[in-house]
Structures are given as structure tokens and as C-alpha cells.
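Asks: One structure coming up, written as C-alpha cells, with questions to follow.
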Amino acid sequence: QLQEFILHISQEYVLPQMVRDVITSFPQNSHPMAILIASFSSLAAYYCDQKTDGELECKLAVAKVASIVALIYRYITNQDFIQADVGLSYSKNFIHMMFDISSYKFTEIVDKALDVIFVLHADHEQNASTATVRMTGSSGPNLFACLAAGAAT
Numbered sequence: 058q059l060q061e062f063i064l065h066i067s068q069e070y071v072l073p074q075m076v077r078d079v080i081t082s083f084p085q086n087s088h089p090m091a092i093l094i095a096s097f098s099s100l101a102a103y104y105c106d107q108k109t110d111g112e113l114e115c116k117l118a119v120a121k122v123a124s125i126v127a128l129i130y131r132y133i134t135n136q137d138f139i140q141a142d143v144g145l146s147y148s149k150n151f152i153h154m155m156f157d158i159s160s161y162k163f164t165e166i167v168d169k170a171l172d173v174i175f176v177l178h179a180d181h182e183q184n185a186s187t188a189t190v191r192m193t194g195s196s197g198p199n200l201f202a203c204l205a206a207g208a209a210t
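What follows is the structure, given as C-alpha cells:
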């Protein structure tokens, strides 16, 4: 199951052109969270007609968030976007897309440490944004619409 999950994530890093256009339509001095909220909203529009189960939506969100955050960072720092490398782990790929450190050789310890940091960040109790995503999600909208609401709080 883990290998299937990893494979699915690696196949979903590519952002729809519409999302890329939304990100690059903002002034480069815009707050990254404002761009993130708009990106989530554009994904909600992009996936509005697809009947997806919750698990598939979560996989899409995990993959797309890494690409969105990296693209926002690269855009506001006036750097070209770096495509995902499907041969890398999630953590390595995120760092690769953010900082283009292809010459850096990740050790297994660094890779696992980044994985732990991401898990700890994702599991940070019932704060305002988590509560907002849960409350919004209880009415059944698209996951990306819920993430936009959560990012806005």
C-alpha cells in the first residue's frame, strides 16, 4: 500500500496550467499565503466536476501542495520553476523544487528528518486553520475549497 501511495503522489505533482497562471498573475511582492489561497481555490474549480473519493482528493492535495508552495516561492523570488523529479522521495523532491540543489546529496538521515518534520507539521492539533478545514469539510465541498478556507484563517 505504501508503494502504491508513493507512486500515486509522484504522478500528481504536475500543476494544471490554470493554477500556474493564477500564481503568476499576482504581483511578485504579494503575500505567499494570499497566493496559496487563490491556488487552492483554482484547484477547487479545476476538480469541480470530478467525482473523487476522499482518499484520492487527499493524495492530490499532498502532491499539489508541494508543487504549489515551491512554485510560489520560486515566483516571488524571481526564479524559474523546477519540475518535480519523480525519482525522488517526497521530502527530497520538495527541497529540489524549492532550492534546485541537484548537486546536494541527501543522506538517509536528512531525508527521514524532513519526513518527520512534515508529519509533525501536518499533525499540529486543533488550531484555527484545522478547525476551519474540518468545519468547512463537514458540509461536503471539494477538499481544495476547504483548504482555501483553512489557509485563510
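Numbering (the numbering used here), first residue to last: 58 to 210.
Ideal Cβ positions, reconstructed from N, Cα and C, are used throughout, including at glycine.
Note that the structure is a prediction, hence the values are computed from the model and not measured.
Considering only the alpha carbon of each residue, which of Ile125, Ala102, Asn86 lies closest to Leu200?
Replies: For the residues Ile125, Ala102, Asn86, the minimum Cα distance to Leu200 belongs to Ala102.
Asks: Measuring alpha carbon to alpha carbon, tell me which residue in Val126, Asp110, Val119 is nearest Ile94.
Replies: Val126
Asks: Specify whether the segment 68 to 81 and the segment 167 to 181 touch according to this definition: at least 3 beta carbon pairs, one from each stretch, less than 8 Å apart.
Replies: no
Asks: What are the uninterrupted segments assigned as alpha helix (DSSP H) that are 4 or more residues long and contained completely in the segment 85 to 172, given in chain order?
Replies: Fully enclosed alpha helix (DSSP H) runs of 4 or longer: 89 to 103, 111 to 133, 147 to 156.
Asks: If we count Cβ pairs, one from each stretch, closer than 8 Å, do we get three or more for the segment 114 to 122 versus the segment 157 to 166?
Replies: Contact fails: fewer than three Cβ-Cβ distances are below 8 Å.
Asks: Can you tell me the Cα-Cα spacing of Asp142 and Lys121, whole angstroms?
Replies: 14 Å
Asks: Contact defined as beta carbons within less than 8 Å: I believe Tyr132 pairs with Thr81. What is the distance between those atoms, to the nearest angstrom?
Replies: 6 Å
Asks: Can you tell me which of the three DSSP states Ser196 falls into?
Replies: coil
Asks: Would you call Gly207 buried or exposed, if buried means 16 or more other Cβ atoms sit within 10 Å of its Cβ?
Replies: Buried.
Asks: For the putative contact between Leu128 and Leu72, defined by C-beta atoms under 8 Å, what is the C-beta separation to the nearest angstrom?
Replies: 7 Å
Asks: Drop a sphere of 10 angstroms on the beta-carbon of Asn135, count the other beta-carbons inside from all chains shown, and report buried for 16 or more, exposed for fewer.
Replies: exposed
Asks: May I have the straight-line CA-CA distance separating Phe175 from Ser98, to the nearest angstrom?
Replies: 23 Å
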